[in-house]
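Structure record follows, encoded as structure tokens.
Numbering (the numbering used here), first residue to last: 183 to 581.
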């Protein structure tokens with residue numbers, strides 16, 4: 183195929199940019215499918231495998247994915263700056279696929295934890311985001327990143343509805359096989375339809391540690407950590423809360439469905455406002471505030487179905503908005519020649535959040551019940567709002 187991008191029109195995604203954004207958004211979403219599709223059902227499945235070791239191993243089964251991601255996101259991002267984005271993506275995809283197939287046949291909780299860790303070791307989220315940043319102009323990058331956020335949000339939403347139904351037909355093994363096959367297809371799409379970016383020959387590189395400590399970037403890194411720590415902790419406990427309320431696993435989609443529908447629709451005007459009005463910081467603070475409201479409702483009214491449904495709708499809107507604008511803001515603040523490293527730190531923080539949220543959520547749930555988990559998540563959001571409020575708004579610039 184001709185890999186020369188057409189001349190773009192200002193403030194509009196070109197045909198090539200639409201194609202690239204769509205494919206990479208889909209790949210990113212499929213990457214997250216390994217987390218999201220099993221999220222509503224994994225804790226119950228891990229409890230069955232763990233037996234008497236339940237309280238400790240549920241958290242590890244949920245969090246092992248994030249632990250290896252946390253260890254390898256930065257190395258993958260930095261390697262991609264030198265070896266190239268697509269080669270690095272292929273390596274990570276292969277690790278994820280192998281981990282998925284091992285998880286499908288895991289005979290014990292220990293094997294499940296190992297398989298989840300291997301899935302997470304394919305830590306290419308930062309590289310995918312950096313590749314999109316390389317190929318999409320700054321003036322339309324938030325729109326492209328919004329596609330990533332929307333695809334992640336759609337995957338998240340559909341997973342909440344579909345997972346309880348799918349597991350009743352194909353089991354957990356089938357879910358893991360499905361994620362592995364999907365990643366094989368994604369690998370082909372990247373090879374066939376995504377061009378290689380121009381090699382950046384700049385020697386004006388900033389030491390990696392300085393990138394991590396850059397004031398605006400560390401604020402964003404804390405934000406993605408908090409977002410995913412709260413998410414993982416939430417879904418350690420939610421399936422058990424639904425069971426306690428008399429909602430069987432294969433019926434829990436009825437609670438998630440309103441969250442999916444309204445969350446996906448109502449996130450769109452928020453993102454459009456933030457991009458067109460160049461109000462990304464205000465949009466960020468608004469979405470974090472929505473998270474605080476949602477988590478507070480869960481902490482205070484989690485035994486009321488209507489209140490919980492409202493809280494989950496608010497949560498879904500905020501989550502999707504934040505997933506869209508956070509990586510766009512990282513790309514704006516990061517040096518162009520080291521976006522891979524910057525995205526590596528960002529994705530490392532995300533992965534640490536997944537690990538911490540899984541392990542802390544399991545521990546808090548076993549000791550303090552649902553209230554402990556929801557209060558933990560609320561505090562994370564409050565701290566994030568305070569940190570984000572002191573940051574600067576990104577200035578539009580052409581990359």
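Using N, Cα and C, we set each Cβ at its ideal position, and we do this for glycine too.
Note down, in chain order, each residue of its chain lying with its Cβ closer than 7 Å to the Cβ of residue i, except the 5 sequence neighbours on either side.
| i | result |
| --- | --- |
| residue 266 | 378 |
| residue 288 | 294, 297 |
| residue 562 | 408, 411, 412 |
| residue 277 | 300, 303, 304 |
| residue 481 | 553, 556, 557, 560 |
For residue i and residue j, what's the separation of their Cα atoms in angstroms?
| i | j | result |
| --- | --- | --- |
| residue 486 | residue 437 | 12 Å |
| residue 571 | residue 469 | 12 Å |
| residue 217 | residue 247 | 8 Å |
| residue 385 | residue 304 | In this prediction, residue 385 scores a pLDDT of 49, lower than 50, which makes its location untrustworthy; the coordinate-derived value is nonetheless stated afterwards. Their backbone Cα atoms lie some 28 Å apart in a straight line. |
| residue 355 | residue 421 | 19 Å |
| residue 262 | residue 306 | 9 Å |
| residue 337 | residue 352 | 19 Å |
| residue 575 | residue 501 | 20 Å |
| residue 301 | residue 360 | 13 Å |
| residue 532 | residue 228 | 23 Å |
| residue 141 | residue 319 | For residue 141 there is no data in the structure shown, the boundaries of the chain being 183 and 581. |
| residue 404 | residue 398 | 10 Å |
| residue 428 | residue 258 | 44 Å |
| residue 536 | residue 194 | 35 Å |
| residue 601 | residue 269 | Nothing can be reported for residue 601, as the shown portion of the chain is limited to 183 through 581. |
| residue 505 | residue 201 | 20 Å |
| residue 515 | residue 214 | 24 Å |
| residue 503 | residue 449 | 6 Å |
| residue 517 | residue 223 | 40 Å |
| residue 197 | residue 203 | 10 Å |
| residue 546 | residue 484 | 16 Å |
By the DSSP assignment, the alpha helix (DSSP H) with residue i in it spans what residues?
| i | result |
| --- | --- |
| residue 266 | Unbroken run through residue 266: none, as it is neither H nor E. |
| residue 419 | 397-426 |
| residue 477 | 462-483 |
| residue 376 | Counting along the chain, residue 376 falls outside any alpha helix (DSSP H), and DSSP gives it neither H nor E. |
| residue 298 | 291-303 |
| residue 318 | It is not in any alpha helix (DSSP H) - residue 318 carries neither H nor E in the DSSP assignment. |
Closest Cβ-Cβ distance between residue i and chain C: below 8 Å?
| i | result |
| --- | --- |
| residue 285 | In the structure shown, chain C does not exist; there is a single protein chain. |
Note down, in chain order, each residue of its chain lying with its Cβ closer than 6 Å to the Cβ of residue i, except the 5 sequence neighbours on either side.
| i | result |
| --- | --- |
| residue 242 | 295 |
| residue 205 | 371, 375, 376 |
| residue 444 | 495 |
Can you list, in chain order, the residues of its chain with a C-beta nearer than 8 Å to that of residue i? Leave out the 5 residues immediately preceding and following it.
| i | result |
| --- | --- |
| residue 440 | 491, 494, 495 |
| residue 549 | none |
| residue 358 | 220, 282, 283, 285, 286, 297 |
Worksheet item: Where are the beta strand (DSSP E) runs, 3 residues long or more, that stay fully inside the region 489-551, in chain order?
Response: none
Fill in: Touch test, the region 356-376 against the region 480-499, Cβ-Cβ under 8 Å, three pairs minimum
no
Discussion item. Would the region 471-479 count as touching the region 544-560 if we require 3 or more Cβ pairs under 8 Å?
Written reply: yes
Fill in: Three or more C-beta pairs below 8 Å linking the region 429-449 and the region 345-357
yes
Worksheet item: Is the region 306-314 touching the region 203-210, taking contact as three or more C-beta pairs under 8 Å?
Response: yes
Worksheet entry | Length-filtered (4 minimum) alpha helix (DSSP H) runs lying within the region 196-254 | 197-218, 221-232
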